[in-house]
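Per this note's numbering, residue 3 is the first one in the sequence shown, and the count goes up by one each step. The beta carbon of each residue, even a glycine, is placed where N, CA and C say it ideally should be.
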Amino acid sequence: MGCQEKSNACVRPAEPEDLAAIVELHRRAFGPGRFALTAYRVREGTPPISRFCRIAELDGRLIAAVRMTPVEIGCTKGALLLGPLAVEPAYVNKGHGRALINATIAAAREQGIALVVLVGNASYYGRFGFAPVPPGQITLPGPVDCARILAFEVDPGALARFRGVIRASKPSAVSADY
Numbered sequence: 003m004g005c006q007e008k009s010n011a012c013v014r015p016a017e018p019e020d021l022a023a024i025v026e027l028h029r030r031a032f033g034p035g036r037f038a039l040t041a042y043r044v045r046e047g048t049p050p051i052s053r054f055c056r057i058a059e060l061d062g063r064l065i066a067a068v069r070m071t072p073v074e075i076g077c078t079k080g081a082l083l084l085g086p087l088a089v090e091p092a093y094v095n096k097g098h099g100r101a102l103i104n105a106t107i108a109a110a111r112e113q114g115i116a117l118v119v120l121v122g123n124a125s126y127y128g129r130f131g132f133a134p135v136p137p138g139q140i141t142l143p144g145p146v147d148c149a150r151i152l153a154f155e156v157d158p159g160a161l162a163r164f165r166g167v168i169r170a171s172k173p174s175a176v177s178a179d180y
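Shown next as structure tokens:
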């Protein structure tokens, strides 16, 4: 697939050959403690790259990546879990995270996804349209500060249709093109 230019960086779908560089970026950005986080546990056992994941490259070098995991919330399908989002320190605050989020939301919209959820900082993700989920409406299967569960309604009004625990969708329930 092609790429979209952003500040001389190419934003494109992540491919299996990108995985080693993505894993290394996550290791540097978040350290080994990341595996204990509840959102990481939701993603356990899922393909590491879905058709919604995006990367940013500059001169052929990975500088940012975002993972998007298809999830079900309660019994409702049609949602994605955003994260992790990582940007190389030398490229922070240059619009690469924004470009990745915008690209993933566009891909979600094109594929009929209704809701994107994440566990993160409302002051950062709020600028992209993410808003806190009402306490208790959407939960994760482990400890998490409920004030950090945020959602973006790709389909306006979609949040009202989602209630329950977030769990990874089975790959066949989403697509065979992982």
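Using only CA atoms, which one of Asn123, Arg129, Arg163 and Val156 lies nearest to Ala149? Asn123
Measure the C-alpha to C-alpha separation of Ala105 and Ala170 and round it to an integer number of angstroms. 21 Å
On the CB-based measure, 16 or more other CB atoms within 10 Å of its CB, does Leu127 come out buried or exposed? Checking the sequence shown, residue 127 turns out to be Tyr, not Leu. The residue is buried, with at least 16 neighbouring Cβ atoms inside 10 Å.
Could you check what DSSP says for Gly138 in three-state terms: helix, strand or coil? DSSP places Gly138 in coil when its eight states are reduced to three.
Just to confirm my understanding: we take Phe154, look at its own chain, exclude 5 residues before and 5 after, and list those with CB closer than 6 Å. What are they? Closer than 6 Å at the Cβ level, and outside the excluded window around Phe154, lie Val118, Gly131 and Phe132.
Within 10 Å of its beta-carbon, does Asp61 have 16 or more other beta-carbons around it, so buried, or fewer, so exposed? It counts as exposed.
Note down the Cα distance separating Phe54 from Arg45, rounded to an integer number of angstroms. One C-alpha to the other measures close to 14 Å.
Name the DSSP bridge partner or partners of Leu120? Leu152
Cβ-Cβ distance between Leu102 and Val68 below 8 Å: yes
Given this structure, state the Cα-to-Cα distance separating Phe164 from Ile75, to the nearest angstrom. Between the alpha carbons of Phe164 and Ile75 lies a distance of about 6 Å.
In terms of residue numbering, what span does the alpha helix (DSSP H) encompassing Ile65 cover? First-last for Ile65: Arg63 to Ile75, but that is the beta strand (DSSP E), not the alpha helix (DSSP H).
Counted within 10 angstroms of its Cβ, other Cβ atoms place Gly47 as buried (16 or more) or exposed: exposed
Out of Ile65, Arg111, Tyr93 and Asp147, point me to the one whose CA is closest to Asp157's CA. Arg111
Could you give the C-beta distance for Ile184 and Ala92, rounded to a whole number, given that I count them as a contact under 8 Å? No statement about residue 184 is possible, as the shown extent of the chain runs from 3 to 180 and does not include it.
Could you name the residues of the same chain whose beta carbon sits closer than 6 Å to that of Gly166, not counting the 5 residues immediately before and after it, in chain order? Here the set comprises Ile75 and Gly76.
Note down the Cα distance separating Leu161 from Ile51, rounded to an integer number of angstroms. 25 Å
CA-CA distance, Ile115 and Glu59? 26 Å
Specify the secondary structure class of Gly99 as computed by DSSP and reduced to three states. Gly99 falls in the helix class under three-state DSSP.
In chain order, what residues of the same chain have a beta carbon less than 8 Å from the beta carbon of Thr78, not counting five sequence neighbours either side? A distance below 8 Å between beta-carbons, with the five flanking residues on each side excluded, links Thr78 to the following residues of its chain, in chain order: Arg163, Phe164, Arg165 and Gly166.
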